[in-house]
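One structure below.
In our numbering, the protein residues as written are 60 to 254.
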């Protein structure tokens with residue numbers, strides 16, 4: 060963090076700690092899938108975590124991407140907006156997410172992929188938020204357990220902002236609704252102005 064202190068910002072993990080946890084998660088995944096696997100990244104929040112995890116794997120990896128319109132007040136269910144391009148039949152699949160909170164997104168994706176008859180499906184997440192769980196589910200691999208706050212950085216964003224930060228931050232999400240650029244000076248330097 061290069062700007063002025065902001066009492067609303069809570070550092071969940073700096074880049075060095077993220078690297079250590081990514082290596083641990085990758086080692087766990089590799090131990091469970093020594094012959095290789097298909098990794099399915101949930102767009103967009105998991106992309107940095109995905110890239111770092113797969114670079115740590117010393118087994119054959121096929122990377123796929125899936126996108127869904129998230130659950131919100133207007134949608135009663137998730138909607139697939141981008142599907143995997145390659146069949147997952149007989150594959151050992153690890154779904155990679157940025158966050159695992161309610162369990163609804165992971166449940167939707169794993170049920171969708173299960174229709175393709177993979178050999179196995181597991182879920183890896185950067186940040187597990189068990190306080191928000193609505194379904195009795197947990198990720199198989201988690202880099203961090205995070206507080207019940209909005210997360211920014213290392214691929215996670217608010218309205219397209221903050222995704223490129225190398226550290227992982229927790230903030231009050233309600234403050235971002237009123238001012239999405241609220242944390243720009245603190246996280247990018249006091250002289251930075253929002254684009």
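A virtual CB, placed ideally from N, CA and C, is assigned to each residue, including glycine.
CA-to-CA distance, residue 212 to residue 192, given in whole angstroms: Using only the alpha carbons, I get a separation of about 22 Å.
At the level of alpha carbons, what is the spacing between residue 61 and residue 240? Because residue 61 carries a pLDDT of 48, less than 50, the predicted location of this residue cannot be relied on, and no value is offered for it.
Given a cut-off of 8 Å, decide if residue 89 and residue 116 are closer than it, judged by their beta-carbon atoms. yes
Determine the direct distance from the alpha carbon of residue 215 to that of residue 233, and round the result to whole angstroms. 16 Å
Residue of 229, 156 and 104 minimising C-alpha distance to residue 205: 229
Can you tell which of 235, 226, 207 and 114 has its C-alpha closest to the C-alpha of residue 219? 235
Among 223, 69 and 94, which one has its Cα closest to the Cα of residue 150? 94
Whole runs of the alpha helix (DSSP H) within the region 66-146, excluding any shorter than 4 residues: 74-91 and 106-115
Residue range of the unbroken alpha helix (DSSP H) whose run includes residue 247: 243-247
Got a sec, what are the start and stop residues for the beta strand (DSSP E) residue 187 sits in? 179-187
6 Å CB neighbourhood of residue 105 in its chain, flanking five on each side removed: 155, 156 and 157
Please report the distance separating the alpha-carbon of residue 65 from that of residue 227. Counting only the Cα atoms, residue 227 lies some 15 Å from residue 65.
Kindly identify the DSSP beta-bridge partner or partners of residue 220. The partner list for residue 220 (beta bridge, DSSP) reads 217.
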